[in-house]
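Numbering follows the numbering used here, in which position 27 of the sequence shown is assigned residue number 422; successive positions increment by one, without gaps. Where is the CB? At the ideal position from N, CA and C, for every residue including glycine. In what follows, a single structure is set out as structure tokens and then discussed.
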Amino acid sequence: MGIFEFIGEMVGSLASSGQAFNSALWFDKDGHISWKKVLFVIALVAVLVLVIHYSFKGPS
């Protein structure tokens, strides 16, 4: 299984894990988008992608 299929599976499983989880993740108590949370999640995903990529590829 390729890296992109793996990431697709992860994203799909996260997206299907429920609307309550998604709204709690992206929005604060007032219902506004929490940009800190959005940026944190993006950074987290980027780090995960890099770690997975290098663990499959190995140091060049």
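Distance, residue j Cα to residue i Cα
{"i": "Asp-425", "j": "Glu-400", "result": "36 angstroms"}
{"i": "Val-446", "j": "His-427", "result": "31 angstroms"}
{"i": "Gly-397", "j": "Trp-430", "result": "31 angstroms"}
{"i": "Ser-450", "j": "Ala-441", "result": "14 angstroms"}
{"i": "His-448", "j": "Val-433", "result": "22 angstroms"}
Simplified DSSP state of residue i, which is helix, strand or coil
{"i": "Gly-403", "result": "helix"}
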